[in-house]
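Trainee:
There are 2 protein chains.
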Amino acid sequence: MSAAPFLKPPRIVEVRRNILKHNDEVARALRERFLEARVYVVSLVSSPGAGKTAFLERTLAELNRTHRVAALVGDLATENDAVRLRRSGARVEQITTGTVCHLDATMIERALADWDLAALDFLFIENVGNLVCPSSFDLGENRRVVALSVTEGEDKPLKYPTIFQGADLAVVTKLDLAVAAEFDFAAFEGNVQAVAPGLPILRVSAKTNAGMADWVQGLIDVRVPDRL
Amino acid sequence: MSAAPFLKPPRIVEVRRNILKHNDEVARALRERFLEARVYVVSLVSSPGAGKTAFLERTLAELNRTHRVAALVGDLATENDAVRLRRSGARVEQITTGTVCHLDATMIERALADWDLAALDFLFIENVGNLVCPSSFDLGENRRVVALSVTEGEDKPLKYPTIFQGADLAVVTKLDLAVAAEFDFAAFEGNVQAVAPGLPILRVSAKTNAGMADWVQGLIDVRVPDRL
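First to last, the protein sequences are chains E and X.
Quick note: the first sequence uses my numbering, first residue 111, plus one each step.
Quick note: the second sequence uses my numbering, first residue 111, plus one each step.
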């Protein structure tokens, strides 16, 4: 035990508050920049391995036919996701965070410093795989999507409520494994409603393409009125 | 942008260093207490939904026949895991962390304050589901196990190296889904070796019980020499 442990929590809380306040300011500036450029920004959060990248790969490939799309992808290490996503033909930049468990608005600001955002219709931001840390950090996005794979279990909304409460849409991924994983959709939906009432839920499989057309059409439909 | 953003990172780093230093002191005291009580402590880290709880449920049920076992389980919210694990007959206590993405040594110290540790052979600590945050926090455990399910993908060691580097064993869970998920064991093992050379890897399924007997026997075998 160090000398005055009772002094520590308030100090940490204060620093945390400053970090979040600073983040909110940068996020607000980003949001204005996105609006001005008429680019629609969607961020993705999930556990590691929930299939965000495969889902995004499909989304980029679909949208790339009719719209100008790009993505930023966050990971602790490696450029692997950026390399993989570039195969869609979209501009993709990797943000490596080292030991930081989430993206923040300053990382986004830096990554986009020299981008001409007006040349884009959609920008996707894939966060670091984490169901906890990303929830406090506004990235200036229009919509935040939380993805959960059928193999992770129906109880996750109850155990990680903040990430579901901060999302605008929940996407259930790996639909092709639902039977093998014995995923109980009704239980999951009940748990979502318990912590985030009214949160819409979509079911998809990047492998079989199930649900992907609805998702992509939904993005196209929501972008226009939101940008008017 | 606030007035002097260049001042912020050092301050945060300093606070973080203080937090970690304080944690290490508490962890050292815990480790001494565990050694004195001759209880063997194993912690489990993984993504949300990797199957830590199912794996631990099986482990407790198996070990409970011949040894005195108990567990602490960390989650942001709910007592669900503790309730579920208590069915094994073991003493189980839930630690809820609110918005904190990992357990720390002080949480363990508090949870164990009134426990008679000498009455135990094994204590398991299930961390909050997270592949990033828990890696920096020593809990005084003898062994740290990182679990990864076959549905999460072979690339995770490259993308979350610190959690694999801090572990003593990697357990691949949900072996029963390996074929459906097209999990490539050779690729995964190569990735583990690239970031954490020599880290042993075990394959299990809590559903079919595959690999569980080896794991439990391994625990029994390692406990005795370590406690001499």
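Even for Gly, the Cβ is constructed at its ideal location relative to N, Cα and C.
Quantities reported herein were computed from a predicted structural model and do not represent experimental measurements.
Does the beta-carbon of proline 115(X) have 16 or more other beta-carbons within 10 angstroms, so that it is buried, or is it exposed?
Mentor: Only weak support exists for where proline 115(X) lies, its pLDDT of 35 falling under 50; the coordinates are left without a value.
Trainee: Mapping DSSP to helix, strand and coil, what is glutamate 262(E)?
Mentor: In the structure shown, the three-state DSSP call for glutamate 262(E) is helix.
Trainee: Less than 8 Å separating the beta-carbons of alanine 316(E) and phenylalanine 165(E)?
Mentor: yes
Trainee: Could you tell me whether the Cβ atoms of threonine 169(E) and phenylalanine 234(E) are closer together than 8 Å?
Mentor: yes
Trainee: Mind reading off the beta-carbon distance from leucine 249(X) to alanine 137(X)? Whole number of angstroms is fine, and I expect it under 8 Å.
Mentor: 6 Å
Trainee: So threonine 206(X) and alanine 181(X) are supposed to be a Cβ contact under 8 Å. How far apart are they, rounded?
Mentor: No, threonine 206(X) and alanine 181(X) are not in contact; Cβ-Cβ is about 15 Å, not under 8 Å.
Trainee: Is there a Cβ from chain E that is less than 8 Å from the Cβ of glycine 159(X)?
Mentor: yes
Trainee: I'd like to confirm the pairing. Which residues does DSSP put opposite alanine 93(X) in its beta bridges?
Mentor: The question about residue 93(X) has no answer, for chain X in this structure spans 111 to 338.
Trainee: Expressed to the nearest angstrom, what Euclidean distance is found between the alpha-carbon atoms of glutamate 124(X) and glycine 328(E)?
Mentor: Each residue's alpha carbon lies about 46 Å from the other.
Trainee: Around the Cβ of asparagine 319(X), are there at least 16 other Cβ atoms within 10 angstroms (buried) or fewer (exposed)?
Mentor: Taking all protein chains in view, the Cβ of asparagine 319(X) is surrounded by fewer than 16 other Cβ atoms within 10 Å, so the residue is classified as exposed.
Trainee: Taking Cβ-Cβ distances shorter than 8 Å, what residues in chain X pair up with proline 271(E)?
Mentor: Leu186, Ala187
Trainee: Along the region 232-262 of chain X, what residues have a CB closer than 9 Å to any CB found in chain E?
Mentor: Val238, Gly239, Asn240, Leu241, Val242, Cys243, Ser245, Ser246, Leu258, Ser259, Val260, Thr261, Glu262
Trainee: For a contact defined as C-beta to C-beta under 8 Å, what are the partners of leucine 287(E) on chain X?
Mentor: Thr261, Leu287, Ala290, Ala291
Trainee: Could you name each continuous alpha helix (DSSP H) segment of 4 residues or more that falls completely within the region 125-191 of chain E, going from the start of the chain to the end?
Mentor: 162-173
Trainee: Hey, does asparagine 190(E) have any beta-carbon neighbour from chain X nearer than 8 Å?
Mentor: So, interface residue.
Trainee: Can you find the residues in the same chain that come closer than 6 Å, C-beta to C-beta, to aspartate 278(X), ignoring five residues on each side of it along the sequence?
Mentor: Arg253, Arg254
Trainee: Can you pull the chain E residues whose beta carbon is under 8 Å from the beta carbon of lysine 266(X), in chain order?
Mentor: Those within 8 Å of lysine 266(X) in chain E are Pro158, Gly159.
Trainee: What's the gap between the Cα of alanine 215(X) and the Cα of glutamate 172(E)?
Mentor: 48 Å
Trainee: So what does DSSP say about proline 119(E), is it helix, strand or coil?
Mentor: Note on proline 119(E): pLDDT 42, under 50, position unreliable in the model; the coordinate value appears next. DSSP places proline 119(E) in helix when its eight states are reduced to three.
Trainee: Measuring straight from C-alpha to C-alpha, what distance separates phenylalanine 247(E) and valine 332(X)?
Mentor: 43 Å
Trainee: In terms of alpha-carbon separation, which member of Arg313(X), Glu299(X), Val314(X) lies closest to proline 307(X)?
Mentor: Glu299(X)
Trainee: Would you call the CB atoms of glycine 374(X) and leucine 227(X) closer than 8 Å?
Mentor: Nothing can be reported for residue 374(X), as the shown portion of chain X is limited to 111 through 338.
Trainee: Can you tell me whether arginine 313(E) is buried or exposed, with buried defined as 16 or more other CB within 10 angstroms of its CB?
Mentor: buried
Trainee: Going by Cα to Cα distance, which pick from Pro335(E), Pro267(E), Ala323(E), Leu309(E) is closest to glycine 159(X)?
Mentor: Pro267(E)
Trainee: Taking Cβ positions only, does glutamate 162(E) come closer than 8 Å to chain X?
Mentor: The sequence shown places lysine at residue 162(E), not glutamate. Cβ-Cβ to chain X under 8 Å: no for lysine 162(E).
Trainee: Helix, strand or coil: which one does DSSP assign to arginine 194(X)?
Mentor: helix
Trainee: Thinking C-alpha only, which one of Arg175(E), Arg143(E), Ser259(E) is nearest glutamate 251(E)?
Mentor: The residue from Arg175(E), Arg143(E), Ser259(E) with its alpha-carbon nearest to that of glutamate 251(E) is Arg143(E).
Trainee: For a quick check, are the C-beta atoms of leucine 145(X) and arginine 178(X) less than 8 Å apart?
Mentor: no
Trainee: Between the Cα of valine 302(X) and those of Val256(X), Thr261(X), Trp325(X), spot the shortest distance and give me the residue it belongs to.
Mentor: Val256(X)
Trainee: Less than 8 Å separating the beta-carbons of serine 156(E) and glycine 239(E)?
Mentor: yes
Trainee: Can you tell me which of the three DSSP states phenylalanine 295(E) falls into?
Mentor: helix
Trainee: Assuming threonine 163(E) and aspartate 191(E) form a contact by the criterion Cβ under 8 Å, report the distance between their Cβ atoms to the nearest whole angstrom.
Mentor: 5 Å
Trainee: Assuming contact is defined by CB atoms lying nearer than 8 Å, are phenylalanine 294(E) and glutamate 262(E) in contact in what I supplied?
Mentor: Here residue 294(E) is aspartate; the residue named in the question, phenylalanine, does not match the sequence. Contact flag unset, no.
Trainee: Give me the Cβ distance between glycine 161(X) and lysine 269(X), rounded to the nearest whole Å; I'm assuming they're in contact under 8 Å.
Mentor: Rounded, the Cβ-Cβ distance is 19 Å, inconsistent with contact.
Trainee: Which of the three DSSP states is assigned to phenylalanine 247(X) in this structure?
Mentor: coil
Trainee: According to DSSP, what are the bridge partners of phenylalanine 234(X)?
Mentor: Val152(X), Ala181(X)
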